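Chains as they are written, first to last, in my numbering: chain U, 1 to 269; chain V, 1 to 272. Positions of the beta carbon are idealized from the N, C-alpha and C atoms, including for glycine. It should be emphasised that the depicted structure is a prediction, and the values quoted were computed from it without experimental measurement.
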Ligand SMILES: Nc1ncnc2c1ncn2[C@@H]1O[C@H](COP(=O)(O)OP(=O)(O)OP(=O)(O)O)[C@@H](O)[C@H]1O
Ligand SMILES: [Mg+2]
């Protein structure tokens, strides 16, 4: 879509200096996402998925390498309020109601109020009836949904999701996965999602970036060829199952290769 | 099944509920009531045997009688004292807030400000009070001492709240491309509510005590003035009654802050 951003990540490295010495969170990470694409990041814990996502949001600065979002730097895109992000911990404001937590992103960005869109998003993430509730009165999954609605409320051109459905039960997860697909197809927002669920990644993505830990690097990029819109029927199909199994295999080998200290050439596309 | 059986079978029904409620009250307030009763009895006994025939230590009954009889004198004095304390609190809070905002805006100033205020706070109020009477007109010293006594505790709480880092919300600010000013007003200030309540708990009674102390050193009206006069006239029951009034006012201020805190339950969730 014309109003969303394409992503080009080239040779990105990120080393954190810690008391115990430098930690290589990302090593030579490269991949691209076309405008309006949907990419998932999967990998073992500590493989740098959050670090990569935070770099796309300009919350971390790569030690080397470049990130281009539609030809501009992440910082420029952030200044233009073109990014939406849902964090691994939902990061809601405890004194605000659901409604006002969602509206908060527009407020921070200095965008005009849009009560209708806030209500629409509440409906969309299934929180009708909880508009006035405070975060403490919600379950973990409900809080994550508020956080997703908050990421969408600024009508971003790039949506970054860090394990957005991590705390949800299987049924709700599936339902919201399909909702997310619907929003994504409708708005055409380029989306990068971190997830631990292979099925979720296969269901939603155009491509899956599989990463390994210590050091965090891209092991393989798996294309997902299924036609859209994908529905519950696909979830039960053989081809879906086969692709999930393949991604799981790559993941398993990624974890195995990480243990004895990495090594081996990148297979990145 | 008869009505009484139903009542016995269901603890949720009114009668059984009443019993449980009473039990809860005994557990909640019983110990405090016992301590208070023991204190009053001990006081009563000691007032009988202590030297001075009641002119140094009156009995509780005498104090309560004085409180009732002299209420028409005590009440206007209390209003004067509360007026001065309130104004002092307002000035003190304003000064503390100004320092806190300065500390937020210019981080290198944090340490020097805290150090200077600590020094001022460590000066005995009783030593400052006479000086205030040299430079200020009444009731200026009463207001000023209240202000001086609250600046430090309010500053410490405010500075702690307003300089606290909330990383996940700062990330949110960064991602939305929001300004720091807006973040300060919409996040940092509400996130300091806990510290604000702490400041209020300390500052309210402190302001009243500061004013009372200043009134000892001179003044036309006020609880402190009345107390000095009562002691000079050897009217111990009234002096003690005044002490009780001040104590109750401070307790009331605590209850007031507690009420506000209850209305903001989410302050408990602000851990940082
Ligand atoms: N601010 C930081 N300072 C130091 N080290 C960090 C920092 N952030 C991340 N790291 C390290 O970088 C590595 C990657 O962390 P990251 O959070 O990106 O992993 P992840 O893939 O998101 O893991 P998970 O699936 O558990 O969320 C880890 O070894 C982590 O300890
Ligand atoms: Mg993570």
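Proximity test, residue 186/V beta-carbon vs ligand 1 heavy atom, cut-off 6 Å: By 1-based counting over the second chain, the position of residue 186/V is 186. No, the Cβ of residue 186/V stays beyond 6 Å of every heavy atom of ligand 1.
Given residue 175/V as reference, the closest of 75/U, 20/U and 40/U once Cα atoms are compared: Taking the second chain and counting its residues from 1, one reaches residue 175/V at position 175. For residue 175/V, the closest alpha carbon among the candidates 75/U, 20/U and 40/U is that of 75/U.
Use the C-beta contact count for residue 192/V: other C-beta atoms within 10 angstroms, 16 or more gives buried, fewer gives exposed. If you number the second chain from 1, residue 192/V lands on position 192. Label assigned to residue 192/V: buried.
In chain V, which residues lie less than 7 Å from residue 256/U when you measure between Cβ atoms? Start at 1 with the first residue of the first chain, and residue 256/U comes out as number 256. By Cβ distance, chain V contributes nothing, its closest Cβ being about 33 Å from residue 256/U, past 7 Å.
Distance between residue 180/V and residue 235/V (C-alpha atoms, nearest Å): The residue labelled residue 235/V in the question sits at position 235 within the second chain. The residue labelled residue 180/V in the question sits at position 180 within the second chain. Roughly 60 Å separates the two Cα atoms.
May I ask you to check if the CB of residue 299/U is nearer than 6 Å to at least one heavy atom of ligand 1? Here chain U covers residues 1 to 269 and nothing more, so residue 299/U does not appear.
Please work out which residues of its chain come closer than 7 Å, Cβ to Cβ, to residue 4/V, disregarding the five sequence neighbours upstream and downstream, and give them in chain order. Start at 1 with the first residue of the second chain, and residue 4/V comes out as number 4. Any answer about residue 4/V is weak, because its pLDDT of 45 lies below 50 and its placement is not dependable; what the coordinates show is given next. Nothing listed; no residue qualifies.
List the DSSP bridge partners of residue 22/U. Your numbering for residue 22/U matches position 22 in the first chain. Among the bridge pairs identified by DSSP, residue 22/U is matched with 17/U.
Residue 222/V classed as buried or exposed, judged by whether at least 16 other C-beta atoms fall within 10 angstroms: Position 222 of the second chain, counted from the first residue, corresponds to residue 222/V. Buried, since its Cβ has 16 or more Cβ neighbours within 10 Å.
In chain order, what residues of the same chain lie with their CB nearer than 7 Å to the CB of residue 27/V, ignoring the 5 residues before and after it? To locate residue 27/V, count along the second chain from 1; it is residue 27. Non-local C-beta neighbours of residue 27/V in its own chain, meaning closer than 7 Å and more than five positions away in sequence, are absent.
Looking at C-alpha atoms only, which residue of 159/V, 130/V, 135/V and 89/V is the closest neighbour of residue 107/V? Your numbering for residue 107/V matches position 107 in the second chain. When only C-alpha atoms are compared, the closest one is 159/V.
What span of residues does the alpha helix (DSSP H) with residue 78/U cover, start to end? Working through the first chain from its first residue, we reach residue 78/U at position 78. First-last of the alpha helix (DSSP H) with residue 78/U: 74–79.
Tell me where the alpha helix (DSSP H) around residue 171/V begins and ends. As a first step, residue 171/V is located in the second chain; it is residue number 171 there, counting from the start. Residues 167–176.
Buried or exposed for residue 93/U, please, with buried defined as at least 16 other CB atoms from any protein chain shown within 10 angstroms of its CB. Position 93 of the first chain, counted from the first residue, corresponds to residue 93/U. Flag for residue 93/U reads buried.
Residues in the same chain with beta-carbon distance under 8 Å from residue 59/V, minus the five sequence neighbours each way, listed in chain order, please. By 1-based counting over the second chain, the position of residue 59/V is 59. For residue 59/V, where only same-chain residues beyond five positions count, the Cβ hits under 8 Å are 43, 44, 47 and 48.
Tell me whether the beta-carbon of residue 23/U lies closer than 7 Å to the beta-carbon of residue 16/U. To locate residue 23/U, count along the first chain from 1; it is residue 23. To locate residue 16/U, count along the first chain from 1; it is residue 16. Contact flag set, yes.
I'd like to know whether the C-beta atoms of residue 141/U and residue 168/U end up nearer to each other than 7 Å. Mapped onto the first chain, residue 141/U falls at position 141. Mapped onto the first chain, residue 168/U falls at position 168. Contact: yes.
In the DSSP assignment, find the beta strand (DSSP E) that holds residue 133/U and state where it starts and stops. Numbered from its first residue, the first chain carries residue 133/U at position 133. Looking at the DSSP string, residue 133/U is not in any beta strand (DSSP E), and its letter there is neither H nor E.
Looking at residue 53/U and residue 160/U, is the spacing between their C-beta atoms short of 7 Å? Locating residue 160/U in the first chain gives position 160, where the first residue counts as 1. Locating residue 53/U in the first chain gives position 53, where the first residue counts as 1. In this structure, residue 53/U lies closer than 7 Å to residue 160/U by Cβ.
Does DSSP put residue 86/U in a helix, a strand or coil? Taking the first chain and counting its residues from 1, the one referred to as residue 86/U is at position 86. It is a strand residue.
Cβ atoms of residue 214/V and residue 130/V: under 7 Å apart, would you say? Taking the second chain and counting its residues from 1, one reaches residue 130/V at position 130. Taking the second chain and counting its residues from 1, one reaches residue 214/V at position 214. No, these two residues do not count as a Cβ contact at 7 Å.
Quick one: does residue 124/U have its CB under 7 Å from some CB of chain V? For the purposes of this step, residue 124/U is taken as residue 124 along the first chain, with counting starting at 1. Residue 124/U does not count as touching chain V.
Note down the Cα distance separating residue 35/V from residue 25/V, rounded to an integer number of angstroms. Position 35 of the second chain, counted from the start, is the residue given in the question as residue 35/V. Position 25 of the second chain, counted from the start, is the residue given in the question as residue 25/V. In a straight line, the C-alpha of residue 35/V is about 15 Å away from that of residue 25/V.
Which of the three DSSP states, helix, strand or coil, is assigned to residue 189/U? Walking along the first chain from the start, residue 189/U turns up at place 189. Residue 189/U falls in the coil class under three-state DSSP.
By a C-beta neighbour count over all protein chains shown, 10 Å radius and 16 as the cutoff for buried, is residue 49/U buried or exposed? On the first chain, position 49 is the one that residue 49/U refers to. Looking at its Cβ environment, which holds 16 or more other Cβ atoms inside 10 Å, residue 49/U is buried.
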